[in-house]
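Trainee: Quick note: our numbering has the sequence shown finishing at residue 1218, numbered continuously throughout.
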Amino acid sequence: MEKIKTPAKSKATSMEKKEPKAKVMSRSRNQLATSYAPESFFTFEGGLGACISRSSAGEYIQLSDTTISLIYERMNELGRAWFEAAMGARATDVKQPEVMPVQCVEAALLDADRANFLLPGVDRFYLCRPSHMEYTPAPLAFVCRTCGLFRDYDDLNELDKDLPYLAPDHCQDPKKARKCDWEQLDVIFVHWSGNWEQPFPGQWQWSDKEAKAVKRRDICICGSQKFRINRRSPAIGDWFFTCAVCDKPLSQKWLQNDEDTLRMLGNLNDAQGLTEVRMQAAPYRASSAYYVKSDLFIDFKDGNQQLLTRLRPGRKEELKDFIASTYGFAVQSITDEDVRKACEGKPECTKEFANYLSAVATIAQAREQLEKDLVPEGMKPMVQNFVDTAIIASLTVSQEKSFVWPPTARTHGESTNQENAELVADRGD
Ligand SMILES: [Zn+2]
Ligand SMILES: [Zn+2]
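Shown next as C-alpha cells:
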C-alpha cells in the first residue's frame, strides 16, 4: 500500500520547527498511513486531548528502481492534475481575481519562476514504511467550562509554563466568579489552501508598515487583554470573544485570515481580497481542507522490470503490441473476411454468421441513409440507435467466433516475490 502525502498545500508550521518535543505513538502501519498521516488531527481513546500528527522519517524501504519511477511518476501526475485544476478553477469567471500558482501548491512544488508545477527531483524524496509517527497537542487553545475564559499559547513551552494556572485552584477569571475548569477548544480555523489556525482574540492582518502579515492581538478599550468566549450559538462560525473585565464584545462574530494567503496577496484593498484570505471555523476532526491521497503499487523483485517499463507514460503502443503478441491478438482490427474464415466449416456457426452478415449490411444501409440525410429529422435518433445496436451485435458475433478470452489462464507476477510498498513522501523542507 502506497501512502503519498497529498500535493495539496498542508500546514508546514513554524510550530513544527520550534517544538522538537513531539512524542512517538504506536499504531498499525495502515492506521499511521491514513488516520494518523502527517498533519491529521485526532484524539486519543476517550476523546480527551486533541493532537496533530507530525511527520517523522519511518524505516527506509528498499524498492526496485522501476517501482520508484512508477511512484515518482504517479506523484508527478497527481500534483500536475491538482495544479491544473486549481489554476483553472476560475477560468469561466473573469470577474474573480486570477489564481496565482503559489496559491495552488506548496512553493517547493513550483519551478524556479514560480509559474508552473515541478516535482522536486526523485532524490529529494525519502521512501519509507509508515513505521512511526510523532504528535503534539493541538490546537493550543483552551476555554473554562465555568466562566468561558479563554487562553491560547503559541507553543508547548508557553503552555507548559502556564499549566499550573489552568488548575481549578488558580481561577484566572478577573471577576473570580467561580472556580475555573479548563478544556481544550475543539475548533480551528481552516483555509481552502489547506492551512489552519487556532482561535485567538485578534486576527492575522497585512501590515503596510512592516510589509508582512502580522498576528494582531486585540486589547479591549478598557485596557484588558483577557477575553471570554461566547459559545451560545449552535453555529461555531457565530461564536465571539467578549472582554473578561467589562463584557464588551470584541466583534459580532469571530473572523480569521489566512497568514500564508495574506503574504501572497499583500495589501487587500477590496472585499474580494478579503474573501480570498478568510478562514472558516470548523470542528478540528472534520477539516474539509485535509485528506490523505493513497495509491497501490506492486514492487516486483525479480526479472519483470522490463515488463513494468511498458506501463510508464508514453509507452501505450508498446504495451498494446505486447498484449497482442502475448495473447494471440491480431494487431489489426478484425475484417469481415476474418469472421468468415473463423466460421468456415463450422455448422454451429451458420446462424450467427448469417446474423453477422445481416447486421453488417443493415449498418451500411442505415449509415448511408444517415449520411445522405434521407432520414427525417425526428427519426434520426432512432436510426442511430439502431445502428449502434447492430454494431454491438456484430461485434459480439465476431468476438465469440474469432477469439477465446482469456486465451490461457496466465497471470503475471504470481511466482514473483511481491511486496507491498509503503511510502511517505518527505516534503523536503
Ligand atoms: Zn473559569
Ligand atoms: Zn473591557
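Each residue gets a CB set at the ideal place from its N, CA and C atoms; glycine is no exception.
In this structure, what does DSSP give as the bridge partners for Met771?
Mentor: The requested residue 771 is not part of the displayed model; the chain covers only 790 to 1218.
Trainee: Can Cys1032 be considered in contact with ligand 1, in the sense that its beta carbon sits closer than 7 Å to one or more heavy atoms?
Mentor: For the purposes of this step, residue 1032 is identified with residue 243 of the sequence shown, where counting begins at 1. Because no heavy atom of ligand 1 lies under 7 Å away, the Cβ of Cys1032 does not count as near it: no.
Trainee: Using a Cβ-Cβ distance under 8 Å, would Ile1018 count as near chain C?
Mentor: Absence of chain C from the displayed structure is noted, only one protein chain being present.
Trainee: Would Asp1162 pass as a contact of Arg863 if the rule is Cβ separation under 8 Å?
Mentor: The count along the sequence shown starts at 1 and reaches residue 1162 at position 373. The count along the sequence shown starts at 1 and reaches residue 863 at position 74. No.
Trainee: Starting from Cys840, trace the beta strand (DSSP E) in both directions and tell me its first and last residue.
Mentor: Here residue 840 is taken as the residue at index 51 of the sequence shown, counted from 1. Segment 839-843, the beta strand (DSSP E) holding Cys840.
Trainee: Kindly indicate which residue of Met814, Ser842, Leu859 has the alpha-carbon position closest to the one of Gly1103.
Mentor: Numbered from its first residue, the sequence shown carries residue 1103 at position 314. Of Met814, Ser842, Leu859, the residue nearest in Cα terms is Leu859.
Trainee: Okay, do the segment 1045-1061 and the segment 954-964 touch, 3+ Cβ pairs below 8 Å being the bar?
Mentor: No, the segment 1045-1061 does not touch the segment 954-964.
Trainee: In three-state terms, what does DSSP make of Arg1067?
Mentor: Position 278 of the sequence shown holds residue 1067. If DSSP states are grouped into helix, strand and coil, Arg1067 belongs with the strands.
Trainee: Helix, strand or coil for Cys1035 per DSSP?
Mentor: The residue you call residue 1035 lines up with position 246 of the sequence shown. Cys1035: coil per DSSP, three-state reduction.
Trainee: Is the Cβ-Cβ distance between Cys917 and Tyr849 less than 8 Å?
Mentor: Within the sequence shown, numbered from 1, the residue matching residue 917 stands at position 128. Within the sequence shown, numbered from 1, the residue matching residue 849 stands at position 60. Contact flag set, yes.
Trainee: Rounded to a whole number of angstroms, what is the C-alpha to C-alpha distance between Ala1143 and Ala1113?
Mentor: Residue numbering aside, residue 1143 sits at position 354 when the sequence shown is read from its first letter. Residue numbering aside, residue 1113 sits at position 324 when the sequence shown is read from its first letter. Whole-angstrom Cα-Cα distance: 28 Å.
Trainee: Starting from Asn1019, follow the beta strand (DSSP E) in both directions and report where the run begins and ends.
Mentor: By one-based count along the sequence shown, residue 1019 stands at place 230. Run containing Asn1019: 1016-1019, per the beta strand (DSSP E) assignment.
Trainee: When the Cα atoms are used, what is the spatial distance from Pro928 to Cys840?
Mentor: Sequence index remark: in the sequence shown, residue 928 carries index 139 (1-based). Sequence index remark: in the sequence shown, residue 840 carries index 51 (1-based). Using only the alpha carbons, I get a separation of about 7 Å.
Trainee: Determine the closest residue to His921 out of Ser1077, Arg816, Asp900, with distance taken between C-alpha atoms.
Mentor: Reading the sequence shown from its first residue, position 132 is the one you call residue 921. Here the closest residue by C-alpha is Arg816.
Trainee: Contact check, Tyr1073 vs Asp975 under 8 Å by CB: the rounded distance?
Mentor: Walking along the sequence shown from the start, residue 1073 turns up at place 284. Walking along the sequence shown from the start, residue 975 turns up at place 186. Sure, about 5 Å apart at Cβ, within 8 Å.
Trainee: So Arg1156 is in the alpha helix (DSSP H); what residue range does that whole segment cover?
Mentor: Looking up residue 1156 in the sequence shown gives position 367. Here the alpha helix (DSSP H) through Arg1156 covers 1139-1160.
Trainee: Just the residues with CB closer than 5 Å to a heavy atom of ligand 1, in chain order, which are they?
Mentor: The filter returns Cys933, Thr935, Cys936, Leu938, Asp962, Cys969, in chain order.
Trainee: Pick from His980, Thr856, Lys884, Gln973: whose alpha carbon is nearest that of Lys1090?
Mentor: Counting from one through the sequence shown, the residue named residue 1090 turns up at place 301. Of the listed residues, the one whose Cα sits closest to Lys1090 is Thr856.
Trainee: Could you check how far apart the C-beta atoms of Cys893 and Cys936 are, in whole angstroms? I think they sit under 8 Å.
Mentor: Taking the sequence shown and counting its residues from 1, one reaches residue 893 at position 104. Taking the sequence shown and counting its residues from 1, one reaches residue 936 at position 147. Their Cβ separation, rounded to whole angstroms, is 44 Å, which puts Cys893 and Cys936 out of contact at 8 Å.
Trainee: Counting only the same chain and skipping the five closest in sequence on each side, list residues whose C-beta sits under 7 Å from that of His980.
Mentor: Residue mapping note: residue 980 aligns to position 191 of the sequence shown, counting from 1. Excluding residues within five positions, the ones whose Cβ falls inside 7 Å are Asp1047, Thr1050, Met1068, Ala1078.
Trainee: Does the segment 1031-1040 come close enough to the segment 1013-1020 to have 3 or more Cβ pairs within less than 8 Å?
Mentor: Enough Cβ pairs lie closer than 8 Å, so yes.
Trainee: Out of curiosity, what's the CA-to-CA distance linking Glu866 and Lys1082?
Mentor: The residue given as residue 866 occupies position 77 in the sequence shown. The residue given as residue 1082 occupies position 293 in the sequence shown. So the alpha carbons of these two residues sit roughly 13 Å apart.
Trainee: Can you grab the Cα-Cα spacing for the pair Lys965 / Cys1032, in whole Å?
Mentor: For the purposes of this step, residue 965 is taken as residue 176 along the sequence shown, with counting starting at 1. For the purposes of this step, residue 1032 is taken as residue 243 along the sequence shown, with counting starting at 1. Going from the Cα of Lys965 to the Cα of Cys1032 covers about 14 Å.
Trainee: Is it the case that the segment 879-891 contacts the segment 816-835, given that we only count it when at least three CB pairs across the two stretches are under 8 Å?
Mentor: Taking 8 Å as the limit for Cβ pairs, the verdict is that the segment 879-891 does not touch the segment 816-835.
Trainee: How about Ser1013: is its Cβ closer than 7 Å to a heavy atom in ligand 2?
Mentor: Against the sequence shown, residue 1013 aligns to sequence position 224. Correct: Ser1013 has its Cβ closer than 7 Å to ligand 2.
Trainee: Taking 7 Å as the line, does the beta carbon of Lys1037 fall inside it for any heavy atom of ligand 2?
Mentor: As a first step, residue 1037 must be located in the sequence shown, where it is residue number 248. Indeed, a heavy atom of ligand 2 lies less than 7 Å from the Cβ.
Trainee: Going by C-alpha distance, which of Glu873, Asp854, Pro926, Ala901 is nearest Leu837?
Mentor: Against the sequence shown, residue 837 aligns to sequence position 48. Ranking the options by Cα distance to Leu837, first place goes to Pro926.
Trainee: So, for Ala880: in the same chain, excluding its five sequence neighbours on each side, which residues have a beta-carbon less than 7 Å away from its beta-carbon?
Mentor: By 1-based counting over the sequence shown, the position of residue 880 is 91. Within the same chain, Ala880 has no close Cβ partners at all.
Trainee: Using the beta-carbon count (16 or more within 10 Å), is Ser1147 buried or exposed?
Mentor: Position 358 of the sequence shown holds residue 1147. Under this definition Ser1147 is an exposed residue.
Trainee: Taking 7 Å as the line, does the beta carbon of Cys917 fall inside it for any heavy atom of ligand 2?
Mentor: Taking the first residue of the sequence shown as position 1, residue 917 is located at position 128. No, the Cβ of Cys917 stays beyond 7 Å of every heavy atom of ligand 2.
Trainee: I think Phe939 touches Pro990, with their Cβ atoms under 8 Å apart; what is that distance to the nearest whole Å?
Mentor: What you label residue 939 is simply residue 150 of the sequence shown in a count that begins at 1. What you label residue 990 is simply residue 201 of the sequence shown in a count that begins at 1. With 8 Å as the limit, Phe939 and Pro990 qualify as a contact, their Cβ atoms being about 7 Å apart.
Trainee: So Val1149 and Asp1110 are in contact, right, with Cβ under 8 Å, and what is the actual spacing, rounded?
Mentor: For the purposes of this step, residue 1149 is identified with residue 360 of the sequence shown, where counting begins at 1. For the purposes of this step, residue 1110 is identified with residue 321 of the sequence shown, where counting begins at 1. Not quite, the Cβ-Cβ distance comes to about 28 Å (not below 8 Å), so this is no contact.
Trainee: Is it the case that the CB of Cys1009 approaches a heavy atom of ligand 2 more closely than 7 Å?
Mentor: Within the sequence shown, residue 1009 is the residue found at index 220, counting from 1. Yes, since a heavy atom of ligand 2 falls inside the 7 Å radius drawn around the Cβ of Cys1009.
Trainee: Using beta-carbon positions only, say whether Phe1175 and Ala1155 come within less than 8 Å of one another.
Mentor: Looking up residue 1175 in the sequence shown gives position 386. Looking up residue 1155 in the sequence shown gives position 366. Yes.
Trainee: Enumerate in chain order the residues of its own chain whose CB-to-CB distance from Gln1158 is below 8 Å, with the five nearest sequence positions on each side excluded.
Mentor: The count along the sequence shown starts at 1 and reaches residue 1158 at position 369. Same-chain partners within the cutoff: Val1164, Val1172.
Trainee: For Ser982, which residues from the same chain have a beta carbon less than 7 Å from its beta carbon, with the 5 sequence-adjacent residues on both sides left out?
Mentor: Within the sequence shown, the letter at position 193 stands for residue 982. Hits under 7 Å: Lys798, Gln892, Asp1047, Asp1049, Thr1050.
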